[in-house]
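Okay, structure first, notes after.
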Amino acid sequence: MKKGICRVLLGSSALMICSGQAWAEEDNAPANTAGAQSTGEIIVTARRTAERLQDVPVAVAAFDSSALQRSTVQELSDVRTIASGLNFNSEGGKSTTNVSLRGVGQLPVGLTTPGVVTYFNNIAIPSLGSSIPTYDIANVQVLKGPQGTLFGKSTLGGAILVNTVQPDLYDFGGYVKGTYGRWNYWAIEGAVNVPIVSEKIALRIAGQIRRQDPRIRSLDADFFALPEVKALGATDPKANSYPGFENIKNDSVRVSLTIAPTEGITNTTVAEYFKADELASGLYLYKADFAPLQSAVFLPLLGSASRAATAVQLASLVEAYAQAHPRGAFDGGIDGGRAYRKSIAVVNTTDVELSDSFSLRNIFGYRKNTNDQSINTAAVPVLDQGGVANPFLGGLVTQPFITYYAEQRYVRDYIDNDFQFIYKGSGGLNGILGVYYSVDGPAGPSGDQFTVFSSLGRVPPTTTHVKNQSLAVYGQFGIPLTDKLNFNIGGRYSWDKSEFCYNPGNTATFASVDFSQCKQNIADRVGTPTEFSDGFGQASVKDNYPTWTVGFDYKISPDFMVYITSRRGVRPKNLNFPLFESPPVTCPSQAYSMSCVDLRGYQTIKQERVTDVEIGEKLSFNVAGAQGRLNVAAFYSRYDNATQFLSNSGNFLFPRGTLDAPPSSIIINAADLNIYGVEIDASVSPDRNLTLGFNGAITKTDVAKLLPINTNGELGPNVGSFGADQINRLTPTFSGTVTASWITPVHPANADVIISGDLYMTADYGGQQGYQLKGYSLANGRIDVKGIAGTGLDLGFYVKNLFDVQYQAGVSVILPNAPYNSLYLGPPRTWGVEATYRF
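So the sequence shown is numbered by full-length UniProt numbering: it starts at 1 and just counts up by one.
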């Protein structure tokens, strides 16, 4: 990695590097106000009110639309390269985003509250589909550490605030932008702002269309054309028709309406529609070792010793070929897979000023999400085409062999309401009191379809529904003790409930059912002889808990602040599903085996808690004409009952059709962790034309205590007890970004020419059961020509992953007992040109 960093540094020096300076505006104010631009102040809303970044006694990274453009941020997941310590990992495909920060993240299974929650216009959005396009965005703010008091969802690791550009009540304007790039990538976006009644009513309409050809080609056709593969008699008649992976086809539109009927009253409604109908992401085959399964798995399924031997031999050739062609991926008969996402969302914010000191705010949000995806998780081609007699199954195998397909469809809606009473006193005293309520649950047939080692085609999809409810009251106050010293204290109490309904796959209909039918199917079985051994089940769990924040900040001078704060964040109790009540999952202790275990002790996931202490300083300086800032934070977090997941498919706990077997994985409380580190955010402008920056994070995760797992062998012989080396370290021990932006002295056509870029570096991170993805370095750069001929016309050229680094971007299955391991590789070098006209 060191050689790579040196190489990238040299290249980036020639290219320069992108600015880390950013201006993020108040969530209800127009973006890019003149005051913020002229003074260089960064305005954030980390405490639910507009404040200078340098006055907020917590670690925050903030980026306005200009900063996002300078780093060519096209989706929210791209922010990881400019926000130190933040990581996005699409562990379950395009629809499932695992965001981690300060050592805390989200597991790729279940529908629990993420460890890091993303808020879109102050309303939480689910982890399913949270990597959203970044068109017409006012700012993005990354709040580090537990957010257990002021924000809607109590979080363990942090929060990401995304605020769109709000309607301007005074001026007509907008922009249109076109982009063309590698793999026939093209995008059109734009926005128009119309004051309907000056100072009273304004409308803003924005939209975006994005398209790209598949950037990952299917390897199947070339592989089956190899002489050594032909010699085995292996073939796939459909191999030449597979479309590849990782295309882009999504459309978005957003309508925002602001109404200010009288002075002191403002109501803003933002309605948004997003749809993506795409191929799945292609997976890189990291390991394939099927030899131990030749007799135990392949022989019974294929019904022929020669067929079983051929499949295992083919798999060994597949591994070598995949590693020699990392930019491709095997289709395996899934026909490109599927990554379909659709969301409809409405956010309404009402602000009422009661007096100079008191105001009310209500934020209501509704979102409906549809996620439908299909992935060749094993990352191997079709290992057998079927068509052989199978004495074990009593018939003829006619279906192509499936190693592992992971498929799921969820239709869910989300309702949030946050009511706030805000006080701002003349003497510096300020506070906020609030009531928060949220409910999310099923809005249509939903379920999972995990097909593992099947010669009979896909298994029928399960019906899986989860409903979550949360009610909380909270308050936070800033109390000036002197003209320089402030005491900050806040508290919150939450009541949560989670319930699930589960029906096993129906071989007759091959379809999931909706929530009401799921519950009715269970009610119909009450009192029958198979009530507790039919695979149907529902359960619920409640939890209530306090969270809090307390701290002091001290202004040594107007430009230099030091602070200390401590916070508590909680992820409430949750449930694994289905209901563990059938004999195969309630085995007596003397009979534990590979297919007879006792999962009852793992039905409930215990409450997770993070308690942290953060100390820091924030310094703004102006020395000999050079302006800048230096912010440093050090933190310690105690993470109790940290969770990990056990994969049913990776550990082969149950054969096909086993009642009450988890369809893919279960979540377990694995360890208590100590997480600590240091973060730095620095920026300096030696003159008005040059800005240099660096932000970095050092994070260390230690296992304080291993929690009892499988201590009596209740999970079967394929699962051992976790050791310290098997505990996940989601956040890299180091990540950082060097940035710079230079306005050149060249002014063709009276335009400004700006050269910018960024160098992102990360150590090993993430993974599963202790496996770490390898660290890497990425250089990105761009040249912008702004204000051509004194007009609103801008031209830009960008390059991402300048040196075409091959890097591991996310895991799919990296488990020691799995015969296949697969992961996601990051995009290779991409380039594009942009033209923007502002009016």
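Here a beta-carbon is modelled for each residue, glycine too, at the ideal position from N, C-alpha and C.
Does DSSP classify residue i as helix, strand or coil?
i           : result
P292        : helix
P480        : strand
N750        : helix
R412        : strand
I522        : helix
G616        : strand
R838        : strand
A818        : coil
I788        : helix
W831        : strand
L314        : helix
D356        : coil
T699        : strand
E714        : coil
F450        : strand
residue 840 : The requested residue 840 is not part of the displayed model; the chain covers only 1 to 839.
R307        : helix
K249        : strand
S241        : helix
Should residue i go down as buried or exposed, given a rule of 16 or more other Cβ atoms within 10 Å for buried?
i           : result
residue 902 : Because the chain here runs from 1 to 839, residue 902 falls outside it and cannot be looked at.
K200        : exposed
S316        : exposed
N369        : buried
N821        : buried
P442        : buried
A545        : It is Tyr, not Ala, that sits at residue 545 in the sequence shown. So Y545 counts as buried.
S741        : buried
A296        : exposed
N574        : buried
P578        : buried
R829        : exposed
D559        : exposed
Excluding the five sequence neighbours on either side, which residues of its own chain have a C-beta within less than 6 Å of the C-beta of residue i, listed in chain order?
i    : result
Y771 : I814
I666 : N576, Y602, L646
R729 : T701
Y837 : V176, G792, L793
L823 : Y284, Y286, Q808, V811, S812
L161 : Y119, Q141
A206 : D136, A191, R254
Y760 : T81, T737, L778
A83  : A61, V142
G447 : P461, T462, T463, T464, S512
To which residues of the same chain is residue i closer than 7 Å at the C-beta, ignoring the five residues directly before and after it?
i    : result
N674 : R638, D702, A704
E246 : P214, R215, I216, L279, S281, G282
L299 : A305, A308
D251 : I209, K275
L383 : A311, L314, A315, F401, T403
T149 : Y474, Q476, G490, G491, R492, T547, W548, T549
R600 : F580, T586
G145 : V58, A59, R102, G158, R567, D612, E614, F635
V44  : A24, E51, L53, V56, V60, A62, Q141
G505 : V459, P460, P461, T462
W183 : Q212, D213, R215
Going by C-alpha to C-alpha distance, which of the options sits closest to residue i?
i           : options                : result
A682        : F839, E617, D356       : E617
N486        : T507, A443, V550       : V550
P745        : S777, I754, V738, R629 : I754
Q147        : R80, V613, Q726, D335  : V613
D758        : G775, K774, I783, H747 : I783
V452        : V541, G332, V73        : G332
residue 844 : F552, P572, P558       : Past the edges of the chain, shown from 1 to 839, lies residue 844, and the structure says nothing about it.
A749        : L795, G386, D764       : L795
Which same chain residues end up closer than 8 Å to residue i when comparing Cβ atoms and leaving out the 5 residues on each side of it in sequence?
i    : result
L825 : Y284, P326, R327, Q806, Y807, Q808, A809
Just checking residue i against the ligand COA - is the residue's beta carbon closer than 7 Å to any of the ligand's heavy atoms?
i    : result
W831 : In the structure on display, the ligand COA does not appear, and there are no ligands present to speak of.
Check whether the segment 362 to 369 touches the segment 133 to 145, counting contact only when three or more Cβ pairs, one atom from each stretch, lie closer than 8 Å. no
At least 3 beta-carbon pairs within less than 8 Å: the segment 454 to 470 vs the segment 417 to 426: no
Three or more C-beta pairs below 8 Å linking the segment 86 to 101 and the segment 149 to 168: yes
Examine the Cβ distances between the segment 518 to 538 and the segment 581 to 595 and report whether three or more of them are shorter than 8 Å. yes
Counting Cβ pairs, one atom from each stretch, are 3 or more of them under 8 Å apart for the segment 344 to 354 and the segment 781 to 801? no
Quick test of the definition: if touching needs 3 or more C-beta pairs under 8 Å, does the segment 589 to 599 touch the segment 712 to 726? yes
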